[in-house]
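Residue numbers (this note's numbering): 2 to 349.
By construction, the Cβ of each residue, glycine as well, lies at the ideal position given by its N, Cα and C atoms.
Report on the structure given below.
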């Protein structure tokens, strides 16, 4: 009897346990599934929130970029407004651009310019010993007539030969340096365009080009100068006028300003330098350099223009005049068109 009761009790416990497990199992699974769904929904909610914030951030950033581009565009348009103003245009020859630079270097005593001083202290007939002035306001009429007669006859010029040599050799050295600089300026204008350059830009470019040529002049011009130098001989003769001399194969005009010619007709020094010449019409009221400065000085756009400005400074230190001018031009063009970036390839 006891054995039967024990077996029944054991069977009850097993049955109860099975029922318990089977009844509890589905309830716990449902709770777990529900919890996962809640977590999933929370995850989706967080992701959606992130995307919303990201989208909002992108819109804010896009708005800032558009504001910068608009500010750049307005600045560029103001800077470029007087670029083609015909009321302030100048037509300049190579001498007009180079001589202001030479005068500055002469005053500072730099290189051959400090020794010769042909621009700030141009040679006079009196320096050559041709002088009929007794004192201020008084002249020796007979002496003046004597020189005029000698000149009209093409006679040998009784002049200071050492001084005419000095003047001529100085002019030849100037010609090589200024001719070399002239080639750089011609290339600059051809590459960038005369309408993008003002008088200030050309003089600034000339200063860099002259200093560069002072150290390393164009080899071909240097060789040509040596040939020209060999054709100079004294004594000189008058060429029908007191202020015009023929010294070997070189024609030297002292007045109205010093000019040296080869007998073949090539101008060595004067408006041209070793035959290098140029004439351009540019603005006196506008400058690429100043326009670029206005563009990069805009405090709202410093973040965009700062890198361009630093690269310009680096190129200027290296004397890369053409690259600097092209970079400034492209930056202004891009800004005018509402762009905050541009691609630039250099032809030289």
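{"Item": "Run of the beta strand (DSSP E) containing residue 282, from where it starts to where it stops", "Value": "280-284"}
{"Item": "Cβ pair count under 8 Å reaching 3, the region 235-250 against the region 196-203", "Value": "no"}
{"Item": "Unbroken alpha helix (DSSP H) run spanning residue 277, endpoints", "Value": "No alpha helix (DSSP H) contains residue 277, which DSSP labels as neither H nor E."}
{"Item": "Beta-carbon gap between residue 103 and residue 211 smaller than 9 Å", "Value": "yes"}
{"Item": "Same chain only: Cβ atoms within 6 Å of residue 180, ignoring 5 sequence neighbours per side", "Value": "222, 274, 275, 277"}
{"Item": "Residue burial classification, residue 163 (beta-carbon count within 10 angstroms, cutoff 16)", "Value": "exposed"}
{"Item": "Residue 226 (DSSP reduced to helix, strand or coil)", "Value": "helix"}
{"Item": "Nearest to residue 272 (by Cα), restricted to the options 71, 82, 96, 84", "Value": "96"}
{"Item": "Residue 159 - containing alpha helix (DSSP H), residue span", "Value": "From DSSP, residue 159 is part of no alpha helix (DSSP H); its letter is neither H nor E."}
{"Item": "Nearest to residue 244 (by Cα), restricted to the options 258, 338, 75", "Value": "258"}
{"Item": "Beta-carbon spacing of residue 160, residue 129 below 9 Å", "Value": "yes"}
{"Item": "Cβ-based burial, residue 288 [other Cβ within 10 Å; buried from 16]", "Value": "buried"}
{"Item": "For residue 136: DSSP bridge partner residues", "Value": "139"}
{"Item": "Residues near residue 307 in its chain [Cβ-Cβ closer than 8 Å; skip 5 each side]", "Value": "297"}
{"Item": "Own chain partners of residue 126 with C-beta closer than 8 Å, once the 5 adjacent residues on each side are dropped", "Value": "132, 243, 244, 255, 256"}
{"Item": "DSSP state of residue 319 mapped onto helix, strand, coil", "Value": "coil"}
{"Item": "Contact check, residue 313 vs residue 329, beta carbons under 9 Å", "Value": "yes"}
{"Item": "Where the alpha helix (DSSP H) containing residue 112 begins and where it ends", "Value": "112-117"}
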